[in-house]
Amino acid sequence: MWWMMFLDRMKTLYGYRNLIWTLAWGDFKQRYKNSILGYFWSLLEPLLMLVVLYVVFSNLMRIQVEYYQLFLLLGIILWNFLSRATSMGLNAILGKPSMVQKIYFPREILVLSSCITALLMSIFESLVFIAFMGAFQVPLSANLIYVPLILVFLFVMSLGLSLALAGLNVFYRDVQFIWAVILQAGFFATPILYPVTIFPETLRGIFLLNPMAHIIMTARDAIIYSTPAAAGSLLYAGIMSVVALLIGYVIFAHYEPRFAEEM
Numbered sequence: 305m306w307w308m309m310f311l312d313r314m315k316t317l318y319g320y321r322n323l324i325w326t327l328a329w330g331d332f333k334q335r336y337k338n339s340i341l342g343y344f345w346s347l348l349e350p351l352l353m354l355v356v357l358y359v360v361f362s363n364l365m366r367i368q369v370e371y372y373q374l375f376l377l378l379g380i381i382l383w384n385f386l387s388r389a390t391s392m393g394l395n396a397i398l399g400k401p402s403m404v405q406k407i408y409f410p411r412e413i414l415v416l417s418s419c420i421t422a423l424l425m426s427i428f429e430s431l432v433f434i435a436f437m438g439a440f441q442v443p444l445s446a447n448l449i450y451v452p453l454i455l456v457f458l459f460v461m462s463l464g465l466s467l468a469l470a471g472l473n474v475f476y477r478d479v480q481f482i483w484a485v486i487l488q489a490g491f492f493a494t495p496i497l498y499p500v501t502i503f504p505e506t507l508r509g510i511f512l513l514n515p516m517a518h519i520i521m522t523a524r525d526a527i528i529y530s531t532p533a534a535a536g537s538l539l540y541a542g543i544m545s546v547v548a549l550l551i552g553y554v555i556f557a558h559y560e561p562r563f564a565e566e567m
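Take 305 as the starting number for the sequence shown in this note's numbering and just add one per residue.
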């Protein structure tokens with residue numbers, strides 16, 4: 305059965321956990337090598353983006369949302385993770401041709417380590433969000449218990465997309481350019497800058513087909529507004545994350561045997 309093969313593969317990857325962490329941490333340090341501000345760029349990037357978007361959407365477009373700064377910043381951080389993980393993941397195989405051609409190991413390791421690197425960057429970004437939470441004196445609640453589950457769904461979905469993109473990008477180099485356009489469009493089509501309630505019911509359902517909309521909205525409810533995450537949104541996000549991982553794995557496994565010769 306295919307699902308038994310998938311579980312066996314997961315066990316194999318677990319045996320390479322030290323290599324996965326070494327690659328992820330090495331890539332993380334390399335990104336800030338020879339940079340004057342170093343790791344502080346992970347703090348400044350979402351903050352600078354927040355300032356620009358906040359000025360535009362709170363003043364020019366008159367969006368009125370409670371704790372809009374936090375509303376916006378959390379959306380940016382979660383979207384940044386998806387964007388980074390998939391953008392780094394789709395080049396994970398092409399970026400290390402010597403390893404792929406000369407050393408045997410499960411190639412998924414390269415994609416998984418890229419996603420972990422993106423996660424480390426997002427952890428640094430989260431420090432800015434935590435500081436803002438304290439500055440606005442937002443009360444914490446027991447609903448924070450939903451946050452780990454939401455983040456697992458986000459990571460699993462990003463990994464699934466990254467596996468599919470990495471496999472396709474080896475054979476079809478246009479994938480990286482197409483995905484960059486999709487990410488730009490997705491940023492504005494996802495309720496990051498605005499609440500989905502600004503749209504009429506007829507259009508709202510279309511926006512809610514996007515699993516990232518559910519991930520961001522449930523995270524805001526649990527963290528900022530002390531509201532239980534909607535069961536329907538969690539279920540939808542969970543199902544779509546698993547579907548993305550399975551489809552991504554199937555696509556990656558289909559192309560993996562020919563990686564070395566194609567590169």
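Note that CB positions come from ideal geometry on N, CA and C, so glycine has one too.
Check: Residue-level contact to chain C via CB, Ala548, 9 Å cutoff; Outcome: Given the protein chain composition of this structure (a single chain), no chain C is represented.
Check: Asp331 and Ser418 closer than 9 Å at C-beta; Outcome: yes
Check: Residues of its chain near Ile555, where Cβ-Cβ distance is below 8 Å and the 5 sequence neighbours each way are ignored; Outcome: Leu467, Ala468, Gly471 and Leu472
Check: Proximal residues to Val456 (C-beta, below 6 Å), its chain only, five neighbours per side dropped; Outcome: none
Check: Buried versus exposed, by CB contacts within 10 Å (16 or more), Val474; Outcome: buried
Check: Whole-Å CB distance - Met358 paired with Leu382, under 8 Å assumed; Outcome: Checking the sequence, you will find Tyr at residue 358 rather than Met. Rounded, the Cβ-Cβ distance is 17 Å, inconsistent with contact.
Check: Beta-carbon separation (whole angstroms), Gln405 vs Ala535, contact threshold 8 Å; Outcome: Rounded, the Cβ-Cβ distance is 48 Å, inconsistent with contact.
Check: C-alpha gap between Val460 and Ile397, whole angstroms; Outcome: 19 Å
Check: Burial state of Trp483, where buried means 16 or more other Cβ atoms lie within 10 Å; Outcome: buried
Check: Rounded C-alpha distance that separates Ser462 from Gln368; Outcome: 31 Å
Check: Val500 beta carbon less than 9 Å from that of Ala263; Outcome: No answer is possible for residue 263: the residues shown for the chain start at 305 and end at 567.
Check: Glu412, buried or exposed, once every other Cβ within 10 Å from all chains shown has been counted against 16; Outcome: buried
Check: Selection from Glu429, Met314 and Leu497 that minimises the alpha carbon distance to Leu348; Outcome: Glu429
Check: Integer-rounded CB distance, given that Leu424 should sit under 8 Å from Ala328; Outcome: 7 Å
Check: Under the three-state DSSP convention, the category Leu423 falls into; Outcome: helix
Check: Arg524, enclosing alpha helix (DSSP H) - first and last residue; Outcome: Pro515 to Ile527
Check: DSSP three-state assignment for Asn395, whether helix, strand or coil; Outcome: coil
Check: Secondary structure of Ala484, DSSP reduced to three states; Outcome: helix
Check: Closest Cα partner of Leu448 within the set Thr522, Phe511, Gln480 and Ser391; Outcome: Thr522
Check: Same chain, Cβ closer than 8 Å to Leu317, five either side skipped, listed in chain order; Outcome: Ile324, Pro410, Glu412, Ile413 and Leu416
Check: Inter-residue CB distance, Gln480 and Leu394 (contact presumed, cutoff 8 Å); Outcome: 6 Å
Check: Cβ pair Pro561, Ile520 closer than 9 Å; Outcome: no
Check: Which of helix, strand or coil DSSP assigns to Ser530; Outcome: coil
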